[in-house]
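A.B. asks:
Residue numbers (our numbering): 5 to 224.
Take a look at the structure:
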């Protein structure tokens, strides 16, 4: 058990990954990195020690936070492995691409053909690997899930299969996109309960997540 109120070492991942097809084109996603940056900012205000692993984003780096950048999923995995033993808690808020091109062209791909077929290979499941590594080590592990359907079912499956302490689940809807600083709908799901939230600001959500992380770390 860690003494209540003591400084925690928190590893946070944020933002999207980029998987390059050629020197200028890549496969990515719409993650802005906002929730990860807010978590780092709010945790620093609580005087915790933070390492923020950030994908490509336009956000300003939070004060008093060590920031390490990455682009690809494999680069992120290397940094997560590097800092895992250091951390009391890992909050995995990055939106990691599931696949990457099998080959990266050294030259810019030309449009002098009617069709282009890409062979994709699976990226490492970083969060699952962390969960398996963490079994018996008493580190708090938090994940995120963005789903288009079966939100609670899919989030529970991810919670269980990746050995998470809790997961923050949000549903993707064309009526209310969850990217950037928009308020979001969703739920915080643990093995024992589901706490739903509606139109919550990401700043408030970050504070609630950190409250839970602190409670977990001080009893582990």
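Every residue gets a Cβ at the ideal spot worked out from N, C-alpha and C, and that includes glycine.
Run the proximity test for residue 171: is its beta-carbon closer than 7 Å to any non-hydrogen atom belonging to the ligand PLP?
C.D. replies: As far as ligands go, the structure on display features none, and thus does not contain the ligand PLP.
A.B. asks: With DSSP as the reference, label residue 15 as helix, strand or coil.
C.D. replies: Correct three-state label for residue 15: strand.
A.B. asks: In terms of alpha-carbon separation, which member of 209, 87, 22 and 113 lies closest to residue 137?
C.D. replies: It is 87.
A.B. asks: If you draw a straight line from the alpha carbon of residue 162 to that of residue 114, how long is it in whole angstroms?
C.D. replies: Whole-angstrom Cα-Cα distance: 40 Å.
A.B. asks: With H, G and I counted as helix, E and B as strand and the rest as coil, what does DSSP make of residue 174?
C.D. replies: Strand at residue 174.
A.B. asks: By the three-class DSSP mapping on this structure, what secondary structure does residue 100 have?
C.D. replies: Residue 100: coil per DSSP, three-state reduction.
A.B. asks: Kindly identify the DSSP beta-bridge partner or partners of residue 144.
C.D. replies: Answer by DSSP bridge pairing, in chain order: 93.
A.B. asks: Please determine if the stretch 92-99 and the stretch 13-33 are in contact, where contact requires at least 3 C-beta pairs separated by less than 8 Å.
C.D. replies: Yes: at least three Cβ pairs fall under 8 Å.
A.B. asks: Between residue 116 and residue 53, what straight-line distance do the alpha-carbon atoms span, to the nearest angstrom?
C.D. replies: Residue 116 and residue 53: Cα-Cα distance of roughly 52 Å.
A.B. asks: Indicate whether residue 67 and residue 214 have their beta-carbon atoms separated by less than 8 Å.
C.D. replies: No. Outside cutoff.
A.B. asks: Which residues in the same chain as residue 63 place their Cβ atom closer than 6 Å to its Cβ, once the five residues preceding and following it in sequence are excluded?
C.D. replies: Closer than 6 Å at the Cβ level, and outside the excluded window around residue 63, lie 37 and 41.
A.B. asks: Using a 10 Å radius around the Cβ and a threshold of 16 neighbouring Cβ atoms, would you call residue 186 buried or exposed?
C.D. replies: So residue 186 counts as exposed.
A.B. asks: Hey, residue 108 and residue 159: beta-carbon distance below 8 Å or not?
C.D. replies: Result no, Cβ atoms of residue 108 and residue 159 do not sit closer than 8 Å.
A.B. asks: So, at 6 Å on beta carbons, what are the nonlocal neighbours of residue 189 in its own chain, with the 5 sequence-adjacent residues on each side left out?
C.D. replies: Within the same chain, residue 189 has close Cβ partners 202.
A.B. asks: Could you please give the first and the last residue of the uninterrupted beta strand (DSSP E) stretch that includes residue 51?
C.D. replies: Per DSSP, residue 51 belongs to no beta strand (DSSP E) and is neither H nor E.
A.B. asks: Pick from 89, 110, 133 and 191: whose alpha carbon is nearest that of residue 156?
C.D. replies: Minimum Cα distance to residue 156 is reached at 191.
A.B. asks: Over the uninterrupted alpha helix (DSSP H) stretch that includes residue 202, give me the two end residues.
C.D. replies: Per DSSP, residue 202 belongs to no alpha helix (DSSP H); it is in the beta strand (DSSP E), 198-204.
A.B. asks: Report the residue from 61, 84 and 197 whose alpha carbon sits nearest the alpha carbon of residue 169.
C.D. replies: Per the Cα distances, 197.
A.B. asks: In this structure, how does DSSP classify residue 212 when only helix, strand and coil are distinguished?
C.D. replies: Residue 212: helix per DSSP, three-state reduction.
A.B. asks: Where does residue 165 sit, in a helix, a strand or coil, going by DSSP?
C.D. replies: DSSP places residue 165 in helix when its eight states are reduced to three.
A.B. asks: Is residue 108 helix, strand or coil when you go by DSSP?
C.D. replies: Correct three-state label for residue 108: coil.
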